[in-house]
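Residue numbers (our numbering): 1 to 98. Every residue, glycine too, gets a C-beta built ideally from N, C-alpha and C. One structure is given below, encoded as structure tokens.
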Amino acid sequence: MEVDFVNGELERVEADPTYTAGLSQALVKVFRKRMQQIRAAVDERDFYALKSLRFEKLSGARRHQHSMRLNDQYRVIVELRGKASNKVIRIIGIEDYH
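Structure follows, in structure tokens:
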């Protein structure tokens, strides 16, 4: 999938091996792994197939967004854009659900 970042810091976290944006090394490592999975996916059905991601649609004011598990505490928030043949996943941020 094609990836677009809202936050330039998260884009840098993925690309720059020395940059952490104040996140723990463990969280950065799992974020980079998740980004590899996102880039390798054909469409969002691949995310639903991987149960460990806990890919789910959010509700309320965020009903246009989805979340994906990073660890027990953190989720990456994404938006899906585009048509079926040309999907873009927009990375919104990393959030603490607790």
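An exposed status is given to H64, since fewer than 16 other beta-carbon atoms sit within 10 Å of its beta-carbon.
Under the three-state reduction of DSSP, K51 is assigned to helix. With distances taken between CA atoms, R34 lies nearest to L10 out of T18, L10 and K57. Comparing alpha carbon positions, the residue from L53, V13 and M1 closest to Q73 is L53. Following the DSSP letters along the chain, one finds G8 inside the alpha helix (DSSP H) bounded by residues G8 to A15.
Each of I91, L50 and M1 was checked against the Cα of D43, and the nearest Cα belongs to M1.
For Q73, there is no enclosing alpha helix (DSSP H), as DSSP gives it neither H nor E.
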